[in-house]
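Asker:
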């Protein structure tokens, strides 16, 4: 699989995070080419955790376990495999999760609720219960501090149909102390149950307890991972975890209303947004990265629904692939979003050029600069609803023959 | 454009409907090849009307006019053009509708509210106000009784990206009198604002007043035109009109609770379903016709939402194109539908063969007969939710390179 034309030049250089160790390992789950298919992250004692998990009602066995463990608020290990999602695998799926957690507990001496498993890959194919468990002793020997190349090893171990590994980092200042946020993600379709889903693991040394950590992560998710779409499909395994080792030297943040959270939240927002946008840039078959900004809606929620309706429209996405500033398709998507809109108040711009307003094409509209914009890799669509103050921005990619090639070929 | 491989062998032979005259005419709106682009239907005095119009909030000028006229309950003329949807054309669009209605009124001596206009084609390109109006005197000279080839002439005049004309008919008995229902439709994407939308015109000689006619049509729409999807997009111009000339010899049906409506409703259901399925069979790029039956949901509405989520999933649709019975993608779509589902109660069958149940693949599942079914043109997917008694059936087609070719090419 060729690397996406929208990929960054290289994996970024990510800073160390004290109290985090990472390993990539090959358990031999599915891949015939020699590559790691298990990622282990071990956190020092006292680490707190937050997570956002798929809302799918047919979620995988690991998702159910993570949801239960999250209530404890504490984390010692993440154990993630690629190649098999362990979704829709019945009791065998539960047994696999049990065995993986038991093996981790035996190695670390932690509580079972401090282990957060995840699986990504094909749906509905039960694995031997001990497939990862038996490989964990060797995997643990490979654990190294989260710094330098260790990040990319972790990022690569969880890849499936991804064409490039995805990493991001940011820093913030709390009480004069610099704290770091860094992590990695995988995903290339919102879901392609054969070999894809969205997983993201973010780490920080900030001294923040579970509840405020969760508040920050949930908020960041709305504006990042929940504001992207490749094909509108939601995985049975989508998982985002934020672990805080609490090693930084500032006084602990225990409450969700602590004003010191603001700067930290900004850093988490930045990392989540960067990772989310990289997932779009690796969208299956993507050749264009599309930003859709909606303003003037009745509410932020209305704006987001409108923006996602435009972003998920196959007609808008194929028009982008065809480098056609087909604003009629944008109008149609706005109209069917279910949110209030008035034809005569809508203003639509592409590439910063106003195309229509007052219920019709702008008189004297010159398509030339817009056509030039559509030939680029970064497309901007702006829709002003003209009714209120609600705003939202979402990101998507075009719908191309490449998407059909990847998803229309048989599983083998 | 090659005729869809899913097209019927030929346009059906449709029976006459007393009191209906049809004409096809060329006004020269857009097409360079010599073809009709205007369809006129004239109904005898005393005809009643029902209609279902797009719920799009950016609906076209003709839609707004039809919605206003519907309150009158009476119809004398339908005037429909292909090539330009007159959507998002501002005041010019209103002027075009005014001129078209005025010209029709002058020719027929009817009320303005008895004229139902519609337009399909490119969005956002204002037409000269009199483009159709000036051609109507000549078009009216071509009016012939609705019988024989007149039906196909009408059906062809409203085609845009359609690869074949779509007609259907049925009969019913009211008080021992046979009444006829016949009509035609166009559409190949739910919307492709360049040159597509869904229009359907159905006629009957039954003696039924506006209110009961509307009740029958609205109900039929739920199980036909609102149970199909090609790409999940809704047109700004979708229009379905049912005209009753009331020429049949039975006593008039004036109320919505008249028991004699049942047989008539069945005929309207049949015609609407036939036309709707033909639209799916002409879905842009379609190579497979897919029926999705959902049972055991909390309610019929829940079942329909689940069925449409499966039908609109690009991953399910590309799997069908790839002849892959990828039930993992069906599970994922059910899970994200927003309706209640329980992984361990789901039963999924393809081609009549049960594939998964009890939260996992059926033990000993033999893929061979399912793989053979997937190679055919008619695909059946059944999902039993196992929770309640709600059922729904929807129809869709696969998502192929052909769809990208049609919609990803520039407008010119």
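Chains as they are written, first to last, in my numbering: chain A, 46 to 457; chain B, 46 to 457. Positions of the beta carbon are idealized from the N, C-alpha and C atoms, including for glycine.
#1: Measure the CB-CB distance between residue 138 of chain A and residue 106 of chain A and report whether it falls below 9 Å.
#2: Can you grab the Cα-Cα spacing for the pair residue 239 of chain A / residue 313 of chain A, in whole Å?
#3: Given this structure, state the Cα-to-Cα distance separating residue 254 of chain B from residue 247 of chain B, to the nearest angstrom.
#4: Residue 325 of chain A versus chain B: which residues are under 9 Å apart at the beta carbon?
#5: Considering only residues of the same chain and omitting the five flanking positions on each side of residue 180 of chain A, which have a CB-CB separation below 7 Å?
#6: Could you tell me the alpha carbon to alpha carbon distance between residue 415 of chain A and residue 421 of chain A, rounded to whole angstroms?
#7: Do the CB positions of residue 205 of chain A and residue 165 of chain A come within less than 9 Å of each other?
#8: Could you tell me whether the Cβ of residue 345 of chain A comes closer than 9 Å to any Cβ of chain B?
#9: Give the straight-line distance between the Cα atoms of residue 241 of chain B and residue 127 of chain B, rounded to the nearest whole angstrom.
#10: State buried or exposed for residue 331 of chain A, treating a residue as buried only when at least 16 other CB atoms are found within 10 Å of its CB.
#11: Would you say residue 237 of chain A lies against chain B (beta-carbon separation less than 9 Å)?
#12: Using a Cβ-Cβ distance under 9 Å, would residue 53 of chain A count as near chain B?
#13: Check this for me: beta carbons of residue 159 of chain A and residue 117 of chain A, under 9 Å apart or not?
#14: For residue 418 of chain A, which residues in chain B fall below 8 Å Cβ to Cβ?
#15: Whose C-beta lies closer than 8 Å to the C-beta of residue 263 of chain B among residues of the same chain, with five residues either side of it excluded?
#16: Leaving aside the five residues before and after residue 299 of chain B along the sequence, list all residues of the same chain whose C-beta is less than 6 Å from its C-beta, in chain order.
#17: Determine the closest residue to residue 437 of chain B out of B:130, B:411, B:150, B:346, with distance taken between C-alpha atoms.
#18: Just to make sure I have the definition right: I need the residues of chain B whose C-beta is within less than 9 Å of the C-beta of residue 171 of chain A. Which are they?
#19: For the stretch 135-153 of chain A, which residues have a CB atom closer than 9 Å to at least one CB atom of chain B, in sequence order?
#20: At least one CB of chain B closer than 9 Å to the CB of residue 440 of chain A: is that the case?
#21: Can you tell me where the beta strand (DSSP E) with residue 162 of chain A in it begins and where it stops?
#22: Which of the three DSSP states is assigned to residue 448 of chain A in this structure?
#23: Is DSSP giving residue 263 of chain B helix, strand or coil here?
#24: Report the residues of the stretch 155-170 of chain A with a CB closer than 9 Å to any CB of chain B, ordered along the chain.
#25: Using only alpha-carbon positions, find the residue among B:406, B:435, B:48 that is nearest to residue 210 of chain B.
#26: Taking contact to mean at least 3 C-beta pairs separated by less than 8 Å, is the stretch 377-388 of chain B in contact with the stretch 354-361 of chain B?
#27: What are the start and end residues of the alpha helix (DSSP H) that includes residue 429 of chain B?
#28: Kindly indicate the opening and closing residues of the beta strand (DSSP E) around residue 399 of chain B.
#29: Apply the 10 Å Cβ neighbour rule to residue 151 of chain A and answer buried if 16 or more other Cβ atoms are within range, or exposed otherwise.
#30: Start and end of the alpha helix (DSSP H) containing residue 197 of chain A?
#31: Along the stretch 377-392 of chain B, where does the CB come closer than 9 Å to a CB of chain A? Name the residues.
#32: Taking only three categories from DSSP, how would you classify residue 241 of chain B?
#33: Could you give the distance in angstroms between the alpha-carbon of residue 395 of chain A and the alpha-carbon of residue 287 of chain A?
#34: Three Cβ pairs or more, each shorter than 8 Å: is that satisfied between the stretch 259-276 of chain A and the stretch 314-323 of chain A?
#35: Based on the DSSP output, what are the partners of residue 208 of chain B in its beta bridges?
#36: Have a look at B:231, B:136, B:182, B:75 and flag the residue whose alpha-carbon is nearest the alpha-carbon of residue 68 of chain B.
Answerer: The structure says:
#1: yes
#2: Note that residue 239 of chain A has pLDDT 39, beneath the 50 cutoff, so the model's placement of it is unreliable and the number below is only indicative. Their Cα atoms are separated by approximately 30 Å.
#3: A direct Cα-Cα distance of roughly 15 Å separates residue 254 of chain B from residue 247 of chain B.
#4: Chain order gives no chain B residues near residue 325 of chain A, where near means a beta carbon separation below 9 Å; the closest approach is about 15 Å.
#5: 70, 72, 83
#6: 10 Å
#7: yes
#8: no
#9: Any reading at residue 241 of chain B must be qualified, since the residue scores a pLDDT of 48, below 50, and its modelled position is unreliable; the value itself is stated next. One C-alpha to the other measures close to 9 Å.
#10: buried
#11: Its pLDDT being 34, under 50, residue 237 of chain A is placed unreliably by the model, and nothing is read from it.
#12: no
#13: Less than 9 Å divides the Cβ of residue 159 of chain A from the Cβ of residue 117 of chain A.
#14: By Cβ distance, chain B contributes nothing, its closest Cβ being about 14 Å from residue 418 of chain A, past 8 Å.
#15: Correct list, in chain order: 95, 97.
#16: 254
#17: B:346
#18: 405, 406
#19: 135, 136, 137, 138
#20: no
#21: Counting along the chain, the beta strand (DSSP E) containing residue 162 of chain A begins and ends at 160-167.
#22: helix
#23: helix
#24: Those would be 167, 168, 169, 170, in chain order.
#25: B:48
#26: Touching, per the Cβ criterion.
#27: Per DSSP, residue 429 of chain B belongs to no alpha helix (DSSP H); it is in the beta strand (DSSP E), 423-429.
#28: Residue 399 of chain B -> beta strand (DSSP E) spans 398-402.
#29: exposed
#30: Annotation for residue 197 of chain A: the continuous alpha helix (DSSP H) segment containing it runs 195-202.
#31: 377, 378, 379, 380, 381, 382, 383, 384, 385, 386, 387, 388, 389, 391
#32: Below a pLDDT of 50, predicted positions are generally treated as unreliable, and residue 241 of chain B, at 48, falls in that range; the measurement from the model is reported next regardless. Strand at residue 241 of chain B.
#33: 36 Å
#34: Counting Cβ pairs under 8 Å, three or more are found: they touch.
#35: Beta-bridge partners assigned by DSSP to residue 208 of chain B: none are found.
#36: B:182
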